[in-house]
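Undergrad:
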Amino acid sequence: MFAIRAATAYDGLRFLSEGATVLVEADRIVGVEGLHHEPPVGCEVTTYDGTLLPGLIDTHVHLVADGSMGGLERSPDLSDDELDAVIDAMLLHHAAAGVTTVRDLGDVGYRTLAARDAQRAGRPRVRCAGPPLTVPDGHCHFLGGAVVGTEAVVAAVAERAQRGVDVVKVMASGGMLTPNSDIMGVQFSPRELATAVRVTHDAGLSIVAHAHSLAGVEHALDAGVDGIEHFTCLTDAGMTTSDDLLARVAAAGVVVCSTLGTDVTRLPPFDTLPPLIQDLIETLGLTEDGNQRGRDEQVRRMREHGVAVVTGTDSGVAPSKYHGIAWLAVLQLTDSGYSLEDALATATSYAARVLGLENVTGRLAPGLAADLLVTDGDLAGDPTSLSRPAGVWVRGEQVPSP
C-alpha cells in the first residue's frame with residue numbers, strides 16, 4: 035500500500051476544500067481521506083504541493099497517427115508491427131500528460147484492440163471503435179471501413195461486434211482530411227445510417243457519428259446516434275447552430291464531443307496546408323482566432339441549452355492535435371462559461387460514464403482504479419497547471435517522467 039497526499043484535490047465532481055490523502059493498494063484506490071489522515075504503519079506517503087485529481091480521459095483519439103501532417107493517411111501503409119509501435123508510443127505520450135483512459139475512434143486493421151487487450155503497465159486504458167464506417171472515397175476511406183448499401187452496413191457492424199469493439203463510429207459527413215469527401219454534405223442514405231444505428235444498438239453497443247456539416251449533424255440526429263463528434267455545423271455561411279437544433283440535441287440526450295484542444299502555436303503555415311483546407315478557411319473565414327471565438331460561442335450556447343458535452347481532442351491527426359492535449363480542451367471549455375469543476379468533469383467522471391466506465395475510473399473513490407494525476411500547482415488558482423503533471427499513475431503504476 036502507498037498513499038498520495040496533496041493540499042488541493044478534485045474528486046471528479048468537485049474540489050475538496052481540505053485536500054486529500056488517497057490510499058492505493060495494487061491497482062485500486064482503497065481510501066480517500068482528509069489531508070491529515072494517518073495511513074497504516076508501513077504505508078509510504080508522498081506529499082505534493084500541487085493538486086490531486088483523477089487521470090484525464092480523452093474520448094476521441096487516433097492512436098495509429100503520430101500527430102505529423104498526413105500521419106493518419108499514411109497509417110494504412112504501415113505493417114502491424116509498425117502500427118503497434120506507433121500506438122504504444124502515442125499511449126505513452128498520453129500517459130505522460132496525465133491522460134489515463136482514451137477512446138480511439140478510427141484505426142487500421144483493428145490494431146488498437148490488441149493494445150487494449152494487452153493493457154501494458156503504465157499505458158492508458160483503451161476503448162476502441164476499429165475502422166470507422168464510411169462510403170467509397172468518403173472521409174477516411176483509406177482506413178478500410180468503406181461500405182455500400184444496408185446489407186454491407188449490417189455486415190460491417192456485425193464484424194466489429196464480433197471482433198469486440200467498444201463503440202461503432204460512422205462518418206455522417208465528409209471531412210477535412212479527405213479531399214474528395216463532401217464536408218458540407220452527408221454520407222450514407224438515411225436508411226443506411228438508420229440501419230447502422232439499429233444494428234449497433236441490437237449488438238449492445240453505442241454509435242457515434244463524425245459530422246462537420248450542419249446537414250451531417252441533422253442526418254445523424256435523424257438516425258438516432260448516441261454521440262456526435264466535432265459538431266461543427268458548417269454551412270456556406272459558416273458555423274450555423276440554431277436554438278432549435280441545440281434544444282433537439284439536448285432533448286435526445288445525444289453527447290457532443292466538439293474535439294476542442296487545438297494548439298494554435300503548432301498550426302502549420304497557411305500556404306503549406308492542402309488546397310481543400312485553404313479553400314475552406316477562405317470560404318468560411320475560419321482564421322485561427324475567429325474559429326476559436328466561434329467555437330467558444332457555440333459551446334457556451336450548448337451549455338445554456340443543456341447539451342451534454344464530453345472532452346475529446348481528435349489527437350494524432352495534425353501537429354496542433356498532438357497526443358496528450360486533453361488538458362487544453364478542458365481549459366478551452368472554461369473560455370465558454372464552464373466552471374473549472376464542470377469542465378474537469380467532462381474529462382473525468384462524466385467521460386467515464388459516457389464510456390461505460392463509471393464503475394472503473396474517473397473519480398477519486400474507493401474501489402475504482404488508481405488512475406491519478408497530480409499537477410505541479412494549485413489547479414483552482416492556476417488552471418494552466420493542468421498542463422504540468424508532477425505525477426501520473428495508471429492502474430496504480432507510476433508513469434516515468436518524460
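Under my numbering, the residues of the sequence shown are numbered 35 to 436, in order. A virtual CB, placed ideally from N, CA and C, is assigned to each residue, including glycine.
What separation, rounded to the nearest whole angstrom, lies between the Cα atoms of C77 and I38?
TA: Taking the sequence shown and counting its residues from 1, the one referred to as residue 77 is at position 43. Taking the sequence shown and counting its residues from 1, the one referred to as residue 38 is at position 4. Looking at the two C-alpha atoms, the distance is approximately 10 Å.
Undergrad: Run the CB neighbour count on P423, radius 10 Å, all protein chains shown included, and call it buried at 16 or more, exposed below.
TA: Along the sequence shown, read from residue 1 onward, the residue named residue 423 stands at position 389. So P423 counts as buried.
Undergrad: Please give the ranges of any alpha helix (DSSP H) in the stretch 238-268, keeping only runs that are unbroken, at least 4 residues long and fully inside the region.
TA: Entirely contained in the stretch 238-268, the alpha helix (DSSP H) runs reaching 4 residues are, in chain order, 248-257.
Undergrad: Answer with buried or exposed for E263, where buried requires no fewer than 16 other C-beta atoms within 10 angstroms of its C-beta.
TA: Position 229 of the sequence shown, counted from the first residue, corresponds to residue 263. Buried: at least 16 other Cβ atoms inside 10 Å.
Undergrad: How long is the line joining the alpha carbons of S419 and T409, rounded to whole angstroms?
TA: Here the question's residue 419 lines up with position 385 in the sequence shown. Here the question's residue 409 lines up with position 375 in the sequence shown. Taking the straight line from one Cα to the other gives about 6 Å.
Undergrad: Given that a residue counts as buried once 16 or more other Cβ atoms are within 10 Å of its Cβ, and exposed if not, what is H173?
TA: As a first step, residue 173 must be located in the sequence shown, where it is residue number 139. By the 10 Å Cβ count, H173 comes out buried.
Undergrad: On the three-pair Cβ rule with 8 Å, is the stretch 141-157 touching the stretch 226-236?
TA: Flag = no, the stretch 141-157 and the stretch 226-236 do not touch.
Undergrad: According to DSSP, simplified to helix, strand and coil, what is P309?
TA: Position 275 of the sequence shown holds residue 309. Here P309 sits in helix by DSSP.
Undergrad: Assign V298 to one of three DSSP states: helix, strand, or coil.
TA: For the purposes of this step, residue 298 is taken as residue 264 along the sequence shown, with counting starting at 1. DSSP places V298 in helix when its eight states are reduced to three.
Undergrad: Leaving aside the five residues before and after A385 along the sequence, list all residues of the same chain whose C-beta is less than 7 Å from its C-beta, in chain order.
TA: The residue labelled residue 385 in the question sits at position 351 within the sequence shown. Here the set comprises I91, T93, V344, T345 and G396.
Undergrad: Given that a residue counts as buried once 16 or more other Cβ atoms are within 10 Å of its Cβ, and exposed if not, what is A206?
TA: Start at 1 with the first residue of the sequence shown, and residue 206 comes out as number 172. Classification of A206: buried, given that the 10 Å Cβ count is 16 or more.
Undergrad: Assign E78 to one of three DSSP states: helix, strand, or coil.
TA: Here residue 78 is taken as the residue at index 44 of the sequence shown, counted from 1. Strand.
Undergrad: Quick one: residues in its chain with C-beta nearer than 7 Å to the C-beta of M273, no 5 flanking neighbours on either side, listed in chain order?
TA: Numbered from 1 along the sequence shown, position 239 holds the residue referred to as residue 273. Within the same chain, M273 has close Cβ partners T266, C267, G328 and Q332.
Undergrad: Given this structure, state the Cα-to-Cα distance separating L367 from A60, to the nearest angstrom.
TA: Reading the sequence shown from its first residue, position 333 is the one you call residue 367. Reading the sequence shown from its first residue, position 26 is the one you call residue 60. Looking at the two C-alpha atoms, the distance is approximately 34 Å.
Undergrad: Give me, in chain order, the residues of the same chain whose beta-carbon lies closer than 6 Å to that of T81; leave out the 5 immediate sequence neighbours on both sides.
TA: By one-based count along the sequence shown, residue 81 stands at place 47. Closer than 6 Å at Cβ, skipping near neighbours: R39.
Undergrad: Below 6 Å CB to CB, which residues in the same chain sit around Q382 once its five sequence neighbours on both sides are set aside?
TA: Working through the sequence shown from its first residue, we reach residue 382 at position 348. Correcting the residue type first, residue 382 is Thr in the shown sequence and not Gln. So the qualifying residues of the chain are G46, P88 and G396.
Undergrad: Would you kindly report the start and end of the unbroken alpha helix (DSSP H) that includes V231?
TA: Within the sequence shown, residue 231 is the residue found at index 197, counting from 1. Looking at the DSSP string, the run of the alpha helix (DSSP H) that includes V231 is P224 to D236.
Undergrad: Please identify the residue among G258, R62, D83 and E252 whose C-alpha is closest to the C-alpha of E52.
TA: As a working note, residue 52 is residue 18 in the sequence shown. Ranking G258, R62, D83 and E252 by Cα distance to E52 puts D83 first.
Undergrad: Taking G219 and S247 to be in contact with their CB atoms under 8 Å, please state how far apart those CB atoms are, rounded to whole angstroms.
TA: Against the sequence shown, residue 219 aligns to sequence position 185. Against the sequence shown, residue 247 aligns to sequence position 213. At roughly 6 Å, the Cβ-Cβ gap stays under 8 Å, so G219 and S247 are in contact.
Undergrad: Tell me whether E72 sits in a helix, a strand or coil according to DSSP, three-state version.
TA: The residue given as residue 72 occupies position 38 in the sequence shown. If DSSP states are grouped into helix, strand and coil, E72 belongs with coil.
Undergrad: Going by C-alpha distance, which of V64, A190 and V364 is nearest D297?
TA: In the sequence shown, the residue the question calls residue 297 occupies position 263. Of V64, A190 and V364, the residue nearest in Cα terms is V364.
Undergrad: Please list the segments of the beta strand (DSSP E) lying wholly inside the stretch 89-122, counting only runs of 3 or more residues, in order along the chain.
TA: Complete beta strand (DSSP E) runs here, min 3: 90-95.
Undergrad: Quick check: the Cα distance between M35 and L211, rounded to an integer number of angstroms?
TA: Residue 35 sits at position 1 when you count from the first residue of the sequence shown. Residue 211 sits at position 177 when you count from the first residue of the sequence shown. Their backbone Cα atoms lie some 47 Å apart in a straight line.
Undergrad: Count the other CB atoms within 10 Å of the CB of L50; is the residue buried (16 or more) or exposed (fewer)?
TA: Numbered from its first residue, the sequence shown carries residue 50 at position 16. Buried, because 16 or more other Cβ atoms sit within 10 Å of the Cβ of L50.
Undergrad: Apply the 10 Å Cβ neighbour rule to A285 and answer buried if 16 or more other Cβ atoms are within range, or exposed otherwise.
TA: Taking the first residue of the sequence shown as position 1, residue 285 is located at position 251. Result: exposed.
Undergrad: When you compare only the Cα positions, how much space is there between A352 and T85?
TA: In the sequence shown, counting from the first residue as 1, residue 352 sits at position 318. In the sequence shown, counting from the first residue as 1, residue 85 sits at position 51. C-alpha separation (whole angstroms): 30 Å.
Undergrad: Evaluate contact between the stretch 158-166 and the stretch 182-199, counting only Cβ atoms and requiring at least three cross-stretch pairs below 8 Å.
TA: Verdict: yes, contact present.
Undergrad: With DSSP run on the structure shown, which of helix, strand or coil describes M336?
TA: By one-based count along the sequence shown, residue 336 stands at place 302. Three-state result, M336: helix.
Undergrad: Could you tell me the alpha carbon to alpha carbon distance between G65 and R429, rounded to whole angstroms?
TA: Indexing the sequence shown from 1 puts residue 65 at position 31. Indexing the sequence shown from 1 puts residue 429 at position 395. Distance between the alpha carbons of G65 and R429 is about 15 Å.
Undergrad: Leaving out the 5 sequence neighbours to the left and right, which residues in its chain are closer than 8 Å to R337 when beta-carbon positions are compared?
TA: On the sequence shown, position 303 is the one that residue 337 refers to. If we look at R337 and ignore the five residues flanking it on each side, its Cβ neighbours are V343, S370, G371 and Y372.
Undergrad: Based on the DSSP secondary-structure assignment, which residues constitute the bridge partners of W427?
TA: Position 393 of the sequence shown, counted from the first residue, corresponds to residue 427. DSSP output for W427 lists L406 and Q432 as bridge partner(s).
Undergrad: Count the other CB atoms within 10 Å of the CB of V259; is the residue buried (16 or more) or exposed (fewer)?
TA: On the sequence shown, residue 259 is found 225 positions in, with the first residue counted as 1. Label assigned to V259: buried.
Undergrad: At the level of alpha carbons, what is the spacing between V95 and M124?
TA: Position 61 of the sequence shown, counted from the start, is the residue given in the question as residue 95. Position 90 of the sequence shown, counted from the start, is the residue given in the question as residue 124. Approximately 10 Å, taken between the alpha carbons.
Undergrad: According to the neighbour-count rule (16 or more other Cβ atoms, all chains shown, within 10 Å of its Cβ), is F304 buried or exposed?
TA: Taking the first residue of the sequence shown as 1, we reach residue 304 at position 270. So F304 counts as exposed.
Undergrad: Secondary structure at Y44, three-state DSSP: helix, strand or coil?
TA: Indexing the sequence shown from 1 puts residue 44 at position 10. In the structure shown, Y44 sits in a strand (DSSP, three-state: E or B).
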